[in-house]
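Under our numbering, the final residue of the sequence shown carries the number 307; numbering is consecutive throughout. A short write-up of the structure that comes next.
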Amino acid sequence: MRNVQATLADQLPGRIVATSNEYPSHHRIARHKHRRSQLLYAAHGIMVVGTETGRWIVPPERAAWVPSGMAHDVHVLAQISTRSIYIEPEVSAALPRDCRVIGVSPLMRQLLLETLDLPLQSESGSGSRPDLIYSLIVHEIERAPVLPLDIPFPADPRLAKRCRAYLAHPSPHDSIDDWCADLAMSRRTFTRRFRAETGTSFAQWCRQAAIFAALPRLAAGEAITALALDLGYESASAFTTMFKRLIGMPPSRYLAVSNPMRDVAVPMRATMRGLDG
């Protein structure tokens with residue numbers, strides 16, 4: 031059904047529009063924006079949604095919410111099947127106004143699958159079955175839980191550039207003192223500014239960045255223990271604990287549901303290269 035390029039979605043009529051797409055591993059959708067807000071659901075596979083202010087991991091059976099007018103790009107880490115719901119802002123004042131990853135209830139999941147057999151768009155207020163389904167999806171979005179699957183970037187350009195570089199190539203040997211020296215900041219100034227601009231501590235941010243970087247390497251077949259030690263974790267169990275906390279499932283489960291086709295992944299440097307910019 032309705033394979034519509036993301037960059038062409040604005041050309042479709044209707045207050046609420048549903049599309050579906052299949053993308054191969056390592057596919058990239060260049061930065062763009064929509065006049066409507068977008069719910070981008072990963073039926074299977076995994077992707078990273080990026081904006082000027084951060085990156086969001088979207089694991090299988092979760093969804094990204096991108097408000098209208100927000101420029102964003104998408105990087106597919108493992109072959110993915112998506113459903114998108116585009117919603118005009120005036121449909122509901124209660125819809126989120128920031129980019130986020132949300133949990134998808136069993137009800138919303140079935141509603142999203144049901145859109146495969148519905149008309150491409152719905153005009154609100156018709157009272158038809160398609161209109162009721164689309165309206166219920168909107169209500170489910172409004173009440174969906176926010177998941178902590180983001181890597182926030184600071185507003186400070188120099189600090190943001192350093193964060194992007196670390197996210198592309200995380201190293202346990204890259205200490206806070208190295209960052210302070212690179213940015214010509216005292217440790218106290220750096221820690222205070224980093225928390226103020228990201229909402230988290232430097233250590234916690236680095237742990238989350240390491241999990242981000244681990245995703246394509248896991249898909250490439252790297253052993254969990256070797257990967258955990260390379261990223262600075264004391265053990266595979268410590269890595270698994272943090273992975274499960276952020277992604278919502280252990281690495282073994284992630285591998286099973288994120289890439290059911292078991293397609294071959296490219297090396298880490300290739301899959302994460304786009305995060306350098």
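Even for Gly, the Cβ is constructed at its ideal location relative to N, Cα and C.
Three-state secondary structure (DSSP) at residue i?
{"i": "Pro43", "result": "coil"}
{"i": "His102", "result": "strand"}
{"i": "Asp180", "result": "strand"}
{"i": "Ala93", "result": "strand"}
{"i": "Met215", "result": "coil"}
{"i": "Ala250", "result": "coil"}
{"i": "Gln35", "result": "coil"}
{"i": "Ala124", "result": "coil"}
{"i": "Ala60", "result": "strand"}
{"i": "Leu143", "result": "helix"}
{"i": "Ala48", "result": "strand"}
{"i": "Thr112", "result": "strand"}
{"i": "Leu107", "result": "strand"}
Between which two residues does the alpha helix (DSSP H) harbouring residue i extend?
{"i": "Met279", "result": "That residue, Met279, is in no alpha helix (DSSP H); it is neither H nor E in DSSP."}
{"i": "Val88", "result": "Counting along the chain, Val88 falls outside any alpha helix (DSSP H), though it belongs to the beta strand (DSSP E) covering 84 to 88."}
{"i": "Val168", "result": "159 to 173"}
{"i": "Leu197", "result": "187 to 198"}
Between the beta-carbon of residue i and the beta-carbon of residue j, is there less than 7 Å?
{"i": "Asn51", "j": "Thr112", "result": "yes"}
{"i": "Val78", "j": "Arg85", "result": "yes"}
{"i": "Phe224", "j": "Phe232", "result": "yes"}
{"i": "Ile117", "j": "Ile163", "result": "no"}
{"i": "Glu172", "j": "Ala124", "result": "yes"}
{"i": "Ser114", "j": "Leu70", "result": "yes"}
{"i": "Arg130", "j": "Val176", "result": "yes"}
{"i": "Ser254", "j": "Ala240", "result": "Just to set this straight, residue 254 is Ile in the shown sequence, not Ser. The answer is no: Cβ separation not under 7 Å."}
{"i": "Leu213", "j": "Arg237", "result": "no"}
{"i": "Pro182", "j": "Thr228", "result": "yes"}
{"i": "Pro126", "j": "Ser98", "result": "no"}
My understanding is that residue i touches residue j, with C-beta atoms under 8 Å, so please give their C-beta distance in whole angstroms.
{"i": "Ile76", "j": "Ile110", "result": "7 Å"}
{"i": "Tyr284", "j": "Pro89", "result": "7 Å"}
{"i": "Leu148", "j": "Ile167", "result": "Incorrect: roughly 11 Å between the Cβ atoms, too far for contact."}
{"i": "Ala258", "j": "Ala268", "result": "7 Å"}
{"i": "Glu91", "j": "Met138", "result": "Not really, about 10 Å apart at Cβ, beyond 8 Å."}
{"i": "Val121", "j": "Ala93", "result": "Not confirmed; about 17 Å, so no contact."}
For the beta strand (DSSP E) that contains residue i, what are its first and last residues?
{"i": "Leu69", "result": "67 to 81"}
{"i": "Arg131", "result": "Position check: residue 131 holds Val in this sequence, whereas Arg was assumed. Start and end: 130 to 133."}
Determine contact between the stretch 197 to 212 and the stretch 98 to 107, defined as no fewer than three beta-carbon pairs at a distance below 8 Å. Because the criterion of three Cβ pairs below 8 Å is not met, the stretch 197 to 212 and the stretch 98 to 107 do not touch.
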